[in-house]
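Here full-length UniProt numbering is used: the first residue of the sequence shown is 1, the next is one more, and so on. Here a beta-carbon is modelled for each residue, glycine too, at the ideal position from N, C-alpha and C. Down below is the structure, laid out as structure tokens.
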Amino acid sequence: FQITAKVSIIFVTLQYNVTLPATEEQATESAFLYYYGIKDLATVFFYMLVAIIIHAIIQEYVLDVSFISKPLSFYTVKIANYVQCSRKPYSVLVILNVVFISCSHLQENYISDPTILWRAYPHTLMTFQMKFFYISQLAYWFHAFPELYFQKTKKVSSGFVIFRFVLSFLPFFGNLNHLGLVLLVLHYFVEFLFHISRLFYFSDEKYQKGFSLWAVLFVLGRLLTLILSVLTVGFGLARAENQKLDFSTGNFNVLAVRIAVLASICITQAFMMWKFINFQLRRWREHSTFQA
């Protein structure tokens, strides 16, 4: 299989590897870093197929089995909510497997030295964990887009999902991938907790602790997202020496781009807070009606 092996490597392994020589601090190790290019589309396609297979297996042998095993009293109007909710958290779980792989890199660098988020921009080189994280993200979203059509999702919801997809990967293609990694980890962790809480709620209406914890973390997540974005884009990049638009080096650090990035993030966070407030008000009304 020597002929097909050369082709399959493009699909299975990460492309565009560069080796940096060892420094005085790392005398025994060389750094293996990656950048992105057109061949990454083949890798994204392969892992999109993997995501489809994993999603189908979980849906068929885990979610549907647990759904069928419910007693007859469970077959109420909650069926649609249970099925709709059960699909997403386990899809997000596939993403979280990659997120937790990147958490080791997150703890070692970003927490101890947050200036990495903007220092030495543009960030054209990535570690293996970081690039695999973004490749997996792209594969997941491309596998999820057909569901918007088959589930007949509303145009407003579909538009917001597509907008979130574009906004999620602007840091990657804009060579601000450190900030994008941190913000995506925050977002998916809170979102995963919310959908797990919904699963428990649809099984037992008395379970409310998950929603309480999620509400606190959601607000903290939005606040931390704004703080990190303003700190990185508004202060860190604004003080950088090189502020010229240069497509050859991947430098997009100009005033217009920074304003557009901050505006997009602020609008997205405001919209999410608006949906969060409406969700909490609806829960309080339902709880008051149930007690009455």
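By the criterion of a C-beta distance shorter than 7 Å, ASN242 is surrounded in its chain by ASN251, ASN253, once the five residues flanking it on both sides are discounted. In this structure, the alpha-carbon of TYR121 lies about 13 Å from that of PHE173. Contact between the region 220-229 and the region 255-272 is present, with at least three C-beta pairs closer than 8 Å.
Taking HIS187 as reference, the option from LEU167, LEU199, LEU176 with the minimal CA-CA separation is LEU167.
The shortest CA-to-CA distance from PHE247 to any of ASN175, LEU231, TRP274, TRP284 is the one to ASN175. Comparing alpha-carbon positions, the option among LYS209, ILE116, GLY210 lying closest to LEU179 turns out to be ILE116. As computed with DSSP, THR289 is found in no beta bridge at all. At the C-beta level, ASN17 and TYR34 come within 7 Å of one another.
In the DSSP assignment, TYR34 falls within the beta strand (DSSP E) that extends over 31-34. Going by beta carbons, SER229 and GLY210 fall outside the 7 Å limit.
A distance of 7 Å or more separates the beta carbons of TRP118 and THR249. Classified as buried, GLN15 has 16 or more neighbouring CB atoms from the shown chains inside 10 Å of its CB.
In this structure, DSSP gives THR268 a helical state, which the three-state scheme calls helix.
When the beta-carbon positions are compared, LEU170 and VAL44 stay at least 7 Å from each other. Ranked by Cα distance from VAL219, the options LEU245, LYS6, LYS275 are led by LYS275. Rounded to whole angstroms, the separation of the alpha carbons of SER212 and PHE194 is 10 Å. Excluding residues up to 5 positions away in sequence, nothing lies with its Cβ nearer than 6 Å to the Cβ of PHE235 in the same chain. Under the criterion of beta carbons closer than 8 Å, ALA56 and PHE11 do not qualify as touching, at roughly 20 Å.
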